[in-house]
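In order, the protein sequence lines correspond to chains A and B.
Counting in my numbering, the first sequence runs from 140 upward without gaps.
Counting in my numbering, the second sequence runs from 2 upward without gaps.
Don't be surprised by glycine CBs; every beta carbon is placed ideally from N, CA and C.
On a predicted model such as this, the values are computed, not experimentally measured, just so you know.
Heads up: the structure comes next, in structure tokens.
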Amino acid sequence: MRQTSYAEALNEALREEMRRDPLVFVLGEDVGRMGGLFKVTQALLEEFGPERVIDTPISEAAIAGAGVGSALVGTRPVIEFQFNDFMTIAMDQIVNHAAKLRYMTNGMVSVPLVIRAPVCGGISLGAQHSQSLESWFVHTPGLKVVMPSTPADAKGLLKSAIRDDNPVLFFEHRLLYAQTGEVPDEEHLVALGVADVKRTGTDLTLVATGRTVSLALRAAEKLSEEGIEVEVIDPRTLKPLDTHLIFQSVRKTNRLLVASDGWSACGYASEVMATVMEHCFFDLDAPIQRVCPKDVPMPVAGPLQKAVMVSEEDIVSNCRRVLAT
Amino acid sequence: MQDDISREDRLDWYRRMCLIRGFEEEIHNLNKAGLVQGTAHLYIGMEAIAVGACSAMNSADLLTSTHRGHGHCIARGLDTGRMMAEILGRVDGYCGGKGGSMHITDVSRGMLGADGIVGGGIPIAVGAALGVRLKGDLSVVLCFFGEGASNQGSFHESLNLAAVRRLAVVFICENNLWALSAPFAEVTAGGSVANRAGAYGIPGEKVDGNDVEAVFKAVNEAAKRARAGLGPSLLECVSYRWEGHSIFTRQEIRPAEEIQQWKQRDPINRYRARLIEAKTAASEVLGQIELQVSEQISKAIQFAKNSSLPDSETAFRNTYA
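Okay, structure coming up:
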């Protein structure tokens, strides 16, 4: 296995799928000539040409609609939004169309569409470029939602998302793009809907998504020095959720903490908590807790941003809180 | 589609306009009988647009429709029995009762779907054109929308995107002068939808939407242009809806004399008179057609009524592929 960055792994996934299937194409702002704002679509234009790597106008609603329409006629569009915040402009096409068309036609059509977008908290871009809106889409039946935390998962999940016949929202993280990790040399697919145990442990289950997975792993190492063994689970696919693996872990550790970069109110962490409560209440030895950003928009200045975002320390202290009961 | 209009074409267009009219009138009756599930937006008065436009389509061409979509479906040759079954929420409807009037779809006829969101279908038409080009097809996409949708951002974004990519789309604005209670002039700057084409460097034309042959000619030209790779066009077909916004609408705020004036310009009566005057067909021949149409509608209603309401279990199917 070789070391590859998260961004390179995504680029490989796109390149391999575009080579495999001539109906896979990429569209979005600055994806061609520039190779994407964060270089995920780098050099695709040179290999696949302007009919399959489409630099669009700044028209998020039309980009999403064009994705839906082209998917309806049997192609496999992969849209890039530069920030997940910009998906708010395209919500009608994502929520009212992509998510609904299969159901409304009783299965007559399908919408094999992938929408990639980074979550960007942590680089002082402020309130309109730093949200983590994944729970909006998890809330909506008809969509699948993916959020990889490692280069290997990013590659394997994107390839599976492109091959999936449903609309898949694929959330990356700006801070992960440069992170490197081992990626298999051979064909590498990660099935949607399968969670991964990133670290085994016996004392506490810690479910973390996206960027918070690496924070969770560091927190777990720190607690391990004190003899506390935390099991870290990355759902990888937020919807459909691999509840089996999570329940199994909770039944072993009897304690749960959930970490997410999305706000707590009606957020992803809340959904995981509620699901575990419904199924594992009598297995729990302590109340479930969650670690989420503070309930304010994201500020720019370093100390303010730090005060709002989830940190490794927050995770450590909340682990202790769950273990104290 | 050939440029010449044959006698068979003309009689077929007359038949299809009558079919739309009769179908829509029956929905009123079925609604009074409590059989319509949900709402429906009737196309009465605007029949010439759908029939003229869809007659310019080849078999591989595609269309996107609107909340007021029955006319487009019938003009494109969808089965009236399955349409009515959908409107009555039955298992044999096009969507098995899950879509209703606003979501009738038949991809086998290139009908990509009616749409409950004003302006929602416009970027989808652009995407369909992008997709068929990638597949190497020469299909043209007809994109129907109302004048109300021409004030949505999706309209402007879509025209721009289609124009810069020279996509094979014919944008057909059905200007029926009222967006629910909002009069066209009061909410539309510039006073013209067709003129907005100029902003995107594409042809824009205002068409008499109550003249089936005028609509056919305009759409046929635009479709030929699109097929030749010359890009999209925008047509503004001016017409009028005779009925309220939907079958749920209780209050009519449009002036009664305006409605009367437009009824005098009935696209079906006008065409009937023209066919007789030009000796294309005698009144009796047209009467025969009208009779066949009402028989077809009776059969459609019977088919729909005989179809059962869906089993509740089907509510949980087909969310995902």
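**Asked** Does DSSP classify A:Arg215 as helix, strand or coil?
**Response** Reading the first sequence from its first residue, position 76 is the one you call residue 215 of chain A. Strand.
**Request:** Could you tell me which chain B residues have their CB closer than 9 Å to the CB of A:Ala358, listed as they occur along the chain?
**Result:** Taking the first residue of the first sequence as 1, we reach residue 358 of chain A at position 219. Within chain B, no residue comes near A:Ala358; the closest Cβ sits about 35 Å away, beyond 9 Å.
**Asked** If we cut at 8 Å on Cβ distances, does A:Gln221 have a partner in chain B?
**Response** Your numbering for residue 221 of chain A matches position 82 in the first sequence. No, because no Cβ of chain B sits closer than 8 Å to the Cβ of A:Gln221.
**Request:** Apply the 10 Å Cβ neighbour rule to B:Gln252 and answer buried if 16 or more other Cβ atoms are within range, or exposed otherwise.
**Result:** Sequence index remark: in the second sequence, residue 252 of chain B carries index 251 (1-based). B:Gln252 comes out exposed.
**Prompt:** With respect to 7 Å, is the separation between the Cβ of B:Asp13 and the closest non-hydrogen atom of the ligand ADP below this value?
**Reply:** As for the ligand ADP, it is missing from this structure, which has no ligand bound.
**Prompt:** Can you pull the DSSP bridge partners for B:Ala183?
**Reply:** Mapped onto the second sequence, residue 183 of chain B falls at position 182. B:Ala183 is bridged to B:Ala180.
**Request:** Compare the C-alpha of A:Ala148 against each of A:Cys458, A:Leu345, A:Val329, A:Glu185 and name the closest.
**Result:** Stepping through the first sequence from its first residue, residue 148 of chain A is reached at position 9. When only C-alpha atoms are compared, the closest one is A:Val329.
**Request:** Quick one: using the 10 Å Cβ neighbour count with 16 as the cut-off for buried, is A:Ser388 buried or exposed?
**Result:** To locate residue 388 of chain A, count along the first sequence from 1; it is residue 249. So A:Ser388 ends up on the buried side.
**Message:** Give me the chain A residues within the contact set of B:Asp108, using Cβ-Cβ distance strictly less than 9 Å, ordered along the chain.
**Reply:** Position 107 of the second sequence, counted from the first residue, corresponds to residue 108 of chain B. Here residue 108 of chain B turns out to be Val, not Asp, going by the sequence shown. The answer, in chain order, is Leu211, Val212, Thr244, Met247, Val248.
**Asked** Where DSSP assigns a beta bridge to B:Lys136, which residues make up the other side?
**Response** Against the second sequence, residue 136 of chain B aligns to sequence position 135. The partner list for B:Lys136 (beta bridge, DSSP) is empty, contrary to what the question assumes.
**Asked** Does the region 247–262 of chain A touch the region 307–324 of chain A, meaning 3 or more C-beta pairs lie closer than 8 Å?
**Response** Touching, per the Cβ criterion.
**Asked** Secondary structure at B:His42, three-state DSSP: helix, strand or coil?
**Response** Against the second sequence, residue 42 of chain B aligns to sequence position 41. It is coil, neither helix nor strand.
**Message:** Bridge partners for B:Cys144 per DSSP, in chain order?
**Reply:** To locate residue 144 of chain B, count along the second sequence from 1; it is residue 143. DSSP, once it has assigned bridges, lists B:Thr65, B:Phe172 as partnering B:Cys144.
**Item:** Members of the region 131–148 of chain B that neighbour chain A once the beta carbon cut-off is set at 7 Å
**Value:** Leu131, Gly132, Val133, Leu135, Lys136
**Message:** For A:Thr214 and A:Pro251, what's the separation of their Cα atoms in angstroms?
**Reply:** Walking along the first sequence from the start, residue 214 of chain A turns up at place 75. Walking along the first sequence from the start, residue 251 of chain A turns up at place 112. One C-alpha to the other measures close to 8 Å.
**Asked** Can a CB atom of chain A be found closer than 8 Å to the CB of B:Asn59?
**Response** On the second sequence, residue 59 of chain B is found 58 positions in, with the first residue counted as 1. By this cut-off, B:Asn59 is not an interface position.
**Request:** Go through its chain and collect everything with a Cβ distance to B:Tyr201's Cβ below 7 Å, but skip five positions before and after it.
**Result:** Residue mapping note: residue 201 of chain B aligns to position 200 of the second sequence, counting from 1. Excluding positions up to five away in sequence, the list reads Leu160, Asn161, Ala164.
**CB contact below 8 Å: A:Val179 versus chain B** = The sequence position of residue 179 of chain A within the first sequence is 40, counting from 1. False, the Cβ-Cβ gap to chain B never drops below 8 Å.
**Request:** Report yes if the CB atom of B:His73 is closer than 8 Å to the CB atom of B:Asp116, and no otherwise.
**Result:** Working through the second sequence from its first residue, we reach residue 73 of chain B at position 72. Working through the second sequence from its first residue, we reach residue 116 of chain B at position 115. In this structure, B:Asp116 does not lie closer than 8 Å to B:His73 by Cβ.
**Prompt:** Are the Cβ atoms of A:Thr341 and A:Asp373 separated by less than 8 Å?
**Reply:** On the first sequence, position 202 is the one that residue 341 of chain A refers to. On the first sequence, position 234 is the one that residue 373 of chain A refers to. Contact flag unset, no.
**Request:** Output yes if chain B places a C-beta closer than 8 Å to the C-beta of A:Leu362; else output no.
**Result:** Taking the first sequence and counting its residues from 1, one reaches residue 362 of chain A at position 223. Proximity of A:Leu362 to chain B, defined by a Cβ-Cβ separation below 8 Å, is not satisfied.
**Message:** Can you look up A:Arg429 in the DSSP assignment and give me helix, strand or coil?
**Reply:** For this step, residue 429 of chain A is matched to residue 290 along the first sequence. Of the three classes helix, strand and coil, the one that applies to A:Arg429 here is strand, per DSSP.
**Prompt:** Which of the residues in the region 219–236 of chain B, read from start to end, lie with their CB under 8 Å from any CB of chain A?
**Reply:** none
**Request:** Would you mind telling me which residues of chain B sit closer than 8 Å to A:Phe420, beta carbon to beta carbon, in chain order?
**Result:** Taking the first sequence and counting its residues from 1, the one referred to as residue 420 of chain A is at position 281. Within chain B, no residue comes near A:Phe420; the closest Cβ sits about 26 Å away, beyond 8 Å.
**Prompt:** Looking only at DSSP bridge pairs, what is B:Lys207 linked to?
**Reply:** For the purposes of this step, residue 207 of chain B is identified with residue 206 of the second sequence, where counting begins at 1. B:Lys207 is bridged to B:Glu237.
**Item:** Length of the line joining the Cα atoms of B:Glu175 and A:Gln444
**Value:** Within the second sequence, numbered from 1, the residue matching residue 175 of chain B stands at position 174. Within the first sequence, numbered from 1, the residue matching residue 444 of chain A stands at position 305. In a straight line, the C-alpha of B:Glu175 is about 50 Å away from that of A:Gln444.
**Message:** Going residue by residue through the region 282–316 of chain A, where are the continuous beta strand (DSSP E) segments of at least 3 residues, counting only ones entirely within it?
**Reply:** 283–285, 307–312
**Message:** Strictly below 8 Å CB to CB, what residues from chain B border A:Phe164?
**Reply:** Within the first sequence, the letter at position 25 stands for residue 164 of chain A. By Cβ distance, chain B contributes Leu135.
**Prompt:** Over what stretch of residues does the beta strand (DSSP E) that includes A:Ile372 continue unbroken?
**Reply:** Taking the first residue of the first sequence as position 1, residue 372 of chain A is located at position 233. 369–373 is the span of the beta strand (DSSP E), which, as asked, contains A:Ile372.
**Item:** Separation of B:Ala183 from B:Arg255, as counted between CA atoms
**Value:** Locating residue 255 of chain B in the second sequence gives position 254, counting from the first residue. Locating residue 183 of chain B in the second sequence gives position 182, counting from the first residue. Here the C-alpha atom of B:Arg255 lies approximately 9 Å from the C-alpha atom of B:Ala183.
**Prompt:** On the three-state DSSP scale, how would you describe A:Ala237?
**Reply:** Counting from 1 along the first sequence, the entry for residue 237 of chain A is found at position 98. Three-state DSSP puts A:Ala237 in a helix.
**Asked** If contact means a Cβ-Cβ distance below 8 Å, which residues of the region 221–239 of chain A contact chain B?
**Response** Flagged, chain order: Asp231, Gln232, Asn235, His236.
**Asked** Of all the residues that make up the region 153–166 of chain B, which are near chain A by a beta-carbon distance shorter than 7 Å?
**Response** Cβ contacts with chain A: Gly154, Ser155, Glu158, Ser159, Asn161, Leu162, Val165.
**Asked** Going by Cα to Cα distance, which pick from B:Arg110, B:Met58, B:Leu287 is closest to B:Ala227?
**Response** Taking the second sequence and counting its residues from 1, one reaches residue 227 of chain B at position 226. Residue B:Met58 is the option with its Cα nearest to B:Ala227.
**C-alpha distance - A:Ile254 paired with A:Asn457, whole-angstrom precision** = Position 115 of the first sequence, counting from 1, holds the residue named residue 254 of chain A. Position 318 of the first sequence, counting from 1, holds the residue named residue 457 of chain A. Distance between the alpha carbons of A:Ile254 and A:Asn457: 33 Å.
**Item:** Limits of the unbroken alpha helix (DSSP H) element including A:Phe386
**Value:** Along the first sequence, read from residue 1 onward, the residue named residue 386 of chain A stands at position 247. First-last of the alpha helix (DSSP H) with A:Phe386: 382–392.
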